[in-house]
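Asker: Residue numbers (the numbering used here): 2 to 362.
We put the CB at the ideal spot given by N, CA and C, even for glycine.
These numbers come from a predicted model, not from an experiment.
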């Protein structure tokens with residue numbers, strides 16, 4: 002199951018709206034277990050992990066055990082049910098990490114396998130699988146993506162220089178880790194303030210992984226994003242979604258659309274977009290894992306709305322000074338680190354920096 006979970010991670014950020022599942026087929030003919038098939042959900046969600054593993058195993062799947070990180074599907078979608086393919090293959094036993102919360106499956110896949118005489122075991126690696134499929138679970142249960150908030154802060158809790166000027170806070174190794182997080186996210190979201198101040202690309206620029214760049218999303222209620230910005234200029238290369246308020250100027254929308262950006266209209270009040278409504282809209286468009294890389298105002302808004310499921314805090318040893326910009330607008334950093342909602346689950350040193358991971362209780 003550990004191998005199946007590792008294989009499934011290959012699809013993170015590339016399979017939405019489907020979950021990134023991993024599958025391993027193992028035979029034991031008396032001389033010890035032998036892996037005869039491996040599979041993971043392919044880009045855009047098809048083919049599924051189980052059918053990939055079955056295809057690789059061929060006749061060797063007959064009488065074997067299938068380990069899979071999520072219940073095999075039992076309904077007809079764009080492809081036939083994986084449960085039917087497993088039955089037809091002659092697999093004798095299925096070890097499944099967890100029940101699929103999708104109401105179209107939700108136990109029916111396991112039941113179909115059992116009815117066909119296949120031994121079914123559920124729950125092996127369940128906690129790890131729940132983390133791996135957090136986006137899938139959150140989208141189905143709460144109607145929004147799983148949200149990871151990333152913050153980079155100085156030793157004195159600052160995220161920028163005076164006057165809201167950007168600052169390079171962490172070292173190269175920590176920044177590479179951020180690019181890795183982008184690669185396993187369906188989308189990365191920022192606010193118009195950060196887009197104007199930093200002119201970011203928000204792509205994955207690790208060697209050989211540029212195609213793993215996520216959808217880029219800018220919350221821009223008044224459509225202030227400049228057409229000459231790096232985000233807009235690369236909209237045809239890496240998808241760019243701009244969420245504007247209902248009353249944003251049509252001419253600005255048309256100018257950005259001509260560059261290849263997609264402009265979405267979101268509910269807003271007093272010039273501020275409704276974050277919960279934005280997340281619901283993104284979930285309806287298939288986004289399951291959303292990384293938020295934003296300035297102090299938007300980061301604080303996500304925390305205040307209780308929309309953060311996971312946080313990655315990159316702490317640098319350098320100081321910015323009292324005139325720097327706090328990492329959270331109007332709140333101490335403890336509003337995240339001691340929130341009661343998020344608990345520290347991991348901490349590691351990378352270069353001169355420390356990376357802390359927090360997860361929702």
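Can you tell me whether residue 320 is buried or exposed, with buried defined as 16 or more other CB within 10 angstroms of its CB?
Answerer: Exposed is the call here.
Asker: Name the DSSP bridge partner or partners of residue 36?
Answerer: For residue 36, which the question treats as bridged, DSSP gives the partners 27.
Asker: Taking only the alpha-carbon atoms, compute the straight-line gap between residue 32 and residue 61 and give it to the nearest angstrom.
Answerer: Straight-line Cα distance between these residues: approximately 15 Å.
Asker: Exposed or buried, residue 285, counting other C-beta atoms within 10 Å across all chains shown (16 or more means buried)?
Answerer: By the neighbour-count rule (16 or more Cβ atoms within 10 Å), residue 285 is not buried but exposed.
Asker: State yes or no: is the C-beta of residue 341 within less than 8 Å of the C-beta of residue 159?
Answerer: Result no, Cβ atoms of residue 341 and residue 159 do not sit closer than 8 Å.
Asker: Under 8 Å between the Cβ atoms of residue 145 and residue 11?
Answerer: Contact flag unset, no.
Asker: Let me make sure I understand the geometry here. Which of 195, 292, 346 and 350 has the alpha-carbon closest to that of residue 167?
Answerer: Here the closest residue by C-alpha is 195.
Asker: Just curious, the alpha helix (DSSP H) that residue 139 is in, first and last residue?
Answerer: Residues 135 to 143.
Asker: With distances taken Cα to Cα, identify the nearest neighbour of residue 171 among 344, 351 and 362.
Answerer: Comparing Cα-Cα distances from residue 171 to each of 344, 351 and 362, the minimum goes to 351.
Asker: Spatial neighbours of residue 181 within its chain, please: CB distance less than 7 Å, with the 5 preceding and 5 following residues excluded, ordered by chain position.
Answerer: 207, listed in sequence order.
Asker: Who does residue 345 pair with in a DSSP beta bridge?
Answerer: Beta-bridge pairing links residue 345 to 359.
Asker: In this structure, how does DSSP classify residue 339 when only helix, strand and coil are distinguished?
Answerer: Coil at residue 339, not helix or strand.
Asker: Look at the Cβ atom of residue 39, then the Cβ atom of residue 8, and state whether they are nearer than 8 Å.
Answerer: Contact flag set, yes.
Asker: Using a Cβ-Cβ cutoff of less than 8 Å, which residues in the same chain neighbour residue 274 once the five nearest sequence positions on both sides are dropped?
Answerer: So the qualifying residues of the chain are 220, 222, 244, 246, 267 and 268.
Asker: Skipping 5 residues on each side, what residues in its chain have a beta carbon closer than 6 Å to that of residue 120?
Answerer: 94.
Asker: Reducing DSSP to helix, strand and coil, say where residue 49 ends up.
Answerer: It is coil, neither helix nor strand.
Asker: Flag this pair as yes or no: are the beta carbons of residue 354 and residue 315 separated by less than 8 Å?
Answerer: Closer than 8 Å, so yes.
Asker: Is the CB of residue 74 under 8 Å away from at least one CB in chain D?
Answerer: No chain D is present in this structure, which holds just one protein chain.
Asker: Relative to the C-alpha of residue 173, which candidate in 153, 87, 30 and 270 has its C-alpha closest?
Answerer: With distances taken between Cα atoms, residue 173 lies closest to 153.
Asker: Just list the beta strand (DSSP E) runs in the segment 106 to 177, keeping only unbroken ones of 3 residues or longer that don't cross its boundaries, in chain order.
Answerer: The qualifying runs are 120 to 123, 147 to 154 and 159 to 161.
Asker: Quick one: complete alpha helix (DSSP H) runs, 4+ long, within the segment 299 to 341?
Answerer: Listed in chain order, they are 335 to 338.
Asker: With C-beta atoms as the reference, is residue 117 less than 8 Å away from residue 96?
Answerer: Not a contact, by the Cβ cut-off of 8 Å.
Asker: Could you give the residue range of the beta strand (DSSP E) that holds residue 353?
Answerer: From DSSP, residue 353 is part of no beta strand (DSSP E); its letter is neither H nor E.
Asker: Mind checking residue 81: buried by the 16 CB within 10 Å criterion, or exposed?
Answerer: The residue in question, residue 81, is exposed, as its Cβ has fewer than 16 Cβ neighbours within 10 Å.
Asker: To the nearest angstrom, how far is the alpha carbon of residue 215 from that of residue 136?
Answerer: Each residue's alpha carbon lies about 14 Å from the other.
Asker: Short of 7 Å in beta carbon distance, which residues of its chain neighbour residue 226, apart from the five on each side in sequence? Order them along the chain.
Answerer: Around residue 226: 193, 196, 219, 232, 233, 243 and 257.
Asker: Around the Cβ of residue 15, are there at least 16 other Cβ atoms within 10 angstroms (buried) or fewer (exposed)?
Answerer: With 16 or more other Cβ atoms within 10 Å, it is buried.
Asker: Cutting at 6 Å between CB atoms, please list the residues of its own chain near residue 348, excluding the five before and the five after it.
Answerer: Here the set comprises 357.
Asker: Rounded C-beta distance between residue 111 and residue 123? I'm assuming under 8 Å.
Answerer: With 8 Å as the limit, residue 111 and residue 123 qualify as a contact, their Cβ atoms being about 6 Å apart.
Asker: If contacts are defined as beta-carbon pairs under 8 Å, then residue 130 and residue 13 qualify, I think. What distance do you get, rounded to the angstrom?
Answerer: About 13 Å separates the two Cβ atoms, so there is no contact after all.
Asker: In the DSSP output, which residue or residues are listed as bridge partners for residue 242?
Answerer: Answer is 218 and 263, bridged to residue 242.
Asker: Could you spell out where the beta strand (DSSP E) holding residue 188 opens and where it closes?
Answerer: That run of the beta strand (DSSP E) goes 188 to 192.
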